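In the numbering used here, the protein residues as written are 1158 to 1811.
In this text, a Cβ means the ideal position worked out from N, Cα and C, and glycines have one as well.
Predicted model only: the values in this text are computed from it and were never measured.
Structure (structure tokens):
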């Protein structure tokens, strides 16, 4: 079904269509050698000259921490920012289950090509082949890098690093540190970054938030940031800017993301000219603790690694409210094992999430409101013994027990899908450079490597690949290839942006309305979850697109922000971020409306197979959608996707 751009409210089109775009940085020729050839063709910066150049890095998670440490180690002057009180408080620390790499220690048929194949297929054929193959190649280097940093990966008795499976694959390629993989990887990046801070090569600014991008003569040359403690607004200038600020999942209000995670950095860059690609590709994770009350502000993820040994089931009988121990085996439906026997409980996240939704919609859900399914470890405990299960998953079981008051060694966990990760982000080319020259975007903040669905354990892989291995040579190529004139803080382009930031914050404080920022965020999030969550329809998306502008107008009329800008003011921080969510949420729904197909995490209910699976429309939608900001109807630029190695086919995990 081709896209339809019917008129929106007020008689204006939801979007307009511009020229196609292309990734001109990507090499052609054999895919196995593209990255090596690109690195060799890149221009180099003499080590003695690197000291003359300054790079701004925004974010200190796995991508940002790795980038800052590596660039500083190479000799660049790095100015780095995070809104947390320490770089090691970045949200990457919350990642649990593992990191993929094609090491094939198990000798089970894995390879770089198989990781590439699984990722393209898992992304439902909406990712670039060149980027995905590079990611698979670099994955093997990442593990060596992290082991050298002392990351305590789990090991087998033989001493080899241990691995396990994640969704969408039939091999064991996921390296892990119990249920704390993100934390251990971040500590590795943090200690490398700390060494450079101590050496004076990184100027670190914690509790400081980027509020806008400075573009001079068409190039990114700096940012405007606010000290969250003192409220001081300061411009910072550099030769290049790197955004490593994570995803936009908190637009849904309830998600597994940290409460502070937001889209302000990427959205402000979008307003300055950076294309925003595929925002409708949001990942719903199937293994989250169900919502427990109306006023809950955050959801908690249970690692996908639990699906290695836990079995997912619901009662066969609708409305069965018996406790799980009272439901005999013959009256249980292990529905993933039944529907997808080849992959079972380890189908990709989008498929597992929709399957759970179908069971609950059909009246077989468990727990309060029937919004849950069981994740049961009884068979694993019987097979391996409780001590072995505790060794593999003990901290996750403890976390579940503390949150729910239920002991998963004795009763099954209850899980339900929730927003977790965003595959969309700022558009970048093969060099990770955005449509604004001099601004690079890495990790979850860009759109490049996952397509319409991310396989589990691939987020950490991409963040470290971008930060440690891809960005440094490509940023060096930009600096070596570009004549960068000097810029000063009194440049009109700088003072203009500072004035806009100051005026925006002042306007928020002056409204003095009668609604809290959180009340707007909750209403926006519930609207987007209902109409642009696990299932999306033409009518529902149009409903959201009618309401979001009204809610945005109401926000700028009724929000109440107490206090002052020249002090610690968390209400002001929230209001400023929510204002951006209210703009971004509209683009999210426009992108979902325009893409009248189902693919991966984007499920249009009008486009599904007879079995309820996502039905792609490759004739009309085999492209990345890159949106240009205009202040009115956004402009759609298509980047056609070509599949020469993994040929287009309907996904089948049965």
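Item	Value
Just list the alpha helix (DSSP H) runs in the stretch 1266 to 1354, keeping only unbroken ones of 4 residues or longer that don't cross its boundaries, in chain order.	1269 to 1279, 1286 to 1305
Can you tell me whether residue 1760 is helix, strand or coil according to DSSP?	coil
Which one or two residues does DSSP pair with residue 1383 in a beta bridge?	1366, 1390
Check whether the stretch 1396 to 1408 and the stretch 1198 to 1216 touch, using three or more Cβ-Cβ pairs below 8 Å as the test.	yes
Secondary structure at residue 1675, three-state DSSP: helix, strand or coil?	helix
Take the Cβ of residue 1386 as the centre, count every other Cβ of all protein chains shown within 10 Å, and call the residue buried at 16 or more, exposed below.	exposed
Per DSSP, what kind of secondary structure is residue 1408 in: helix, strand or coil?	helix
Specify whether the stretch 1300 to 1320 and the stretch 1238 to 1250 touch according to this definition: at least 3 beta carbon pairs, one from each stretch, less than 8 Å apart.	no
Any contact between the stretch 1566 to 1580 and the stretch 1421 to 1439? By contact I mean 3 or more CB pairs, one from each, below 8 Å.	yes
In this structure, how does DSSP classify residue 1584 when only helix, strand and coil are distinguished?	coil
Taking the alpha-carbon positions, what's the residue 1368 to residue 1567 distance?	48 Å
Mapping DSSP to helix, strand and coil, what is residue 1437?	coil
For residue 1365 and residue 1263, I'd like the C-alpha separation in whole angstroms.	44 Å
Assess, as a yes-or-no matter, whether the stretch 1722 to 1737 is touched by the stretch 1656 to 1672 under the definition of 3 or more beta carbon pairs within less than 8 Å.	yes
Which residue from 1585, 1653, 1759, 1615 puts its Cα closest to that of residue 1632?	1585
Taking 7 Å as the limit between beta carbons, can you name the residues of its chain near residue 1272, skipping five residues before and five after?	1257, 1259, 1293, 1296, 1330
Report the option in 1321, 1800, 1195 whose CA atom is closest to the CA atom of residue 1613.	1321
Return helix, strand or coil for residue 1575, following the three-state DSSP convention.	strand
How would you write the range of the alpha helix (DSSP H) that residue 1636 sits in, first residue to last?	1628 to 1638
Look at the alpha carbon of residue 1677 and the alpha carbon of residue 1739, and state the distance between them as a whole number of angstroms.	9 Å
Expressed to the nearest angstrom, what Euclidean distance is found between the alpha-carbon atoms of residue 1289 and residue 1276?	7 Å
Is residue 1719 helix, strand or coil by DSSP?	coil
State yes or no: is the C-beta of residue 1443 within less than 7 Å of the C-beta of residue 1509?	yes
Report all residues from its chain with a CB closer than 7 Å to the CB of residue 1638; omit the five preceding and five following residues, and keep chain order.	1200
Residues in its own chain within less than 6 Å of residue 1611 by CB, not counting five upstream and five downstream?	1440, 1578, 1580
With a threshold of 8 Å on Cβ separation, who are the neighbours of residue 1265 within its own chain once the five nearest residues in sequence on each side are excluded?	1328, 1329
For residue 1806, which of helix, strand or coil comes out of DSSP?	coil
Let's see if you can read the secondary structure: which residues bound the alpha helix (DSSP H) around residue 1469?	Counting along the chain, residue 1469 falls outside any alpha helix (DSSP H), though it belongs to the beta strand (DSSP E) covering 1468 to 1472.
Could you give the distance in angstroms between the alpha-carbon of residue 1548 and the alpha-carbon of residue 1241?	32 Å
Based on DSSP bridge pairs, tell me the residues matched to residue 1490.	1471
Would you list, in sequence order, the uninterrupted alpha helix (DSSP H) runs of no fewer than 4 residues that lie entirely inside the stretch 1772 to 1801?	1775 to 1778
Could you tell me how far apart the beta carbons of residue 1685 and residue 1701 are, in whole angstroms, since I believe they sit closer than 8 Å?	6 Å
Does the structure place the stretch 1747 to 1757 close enough to the stretch 1592 to 1611 that three or more beta carbon pairs sit under 8 Å?	yes
Compute the beta-carbon to beta-carbon distance between residue 1646 and residue 1299, rounded to the nearest angstrom, for a pair I have assumed lies under 8 Å.	Not a contact, Cβ separation roughly 38 Å.
Let me know the secondary structure DSSP gives residue 1533 once reduced to three states.	strand
What are the boundary residues of the alpha helix (DSSP H) that includes residue 1211?	Unbroken run through residue 1211 is the beta strand (DSSP E), 1211 to 1215; no alpha helix (DSSP H).
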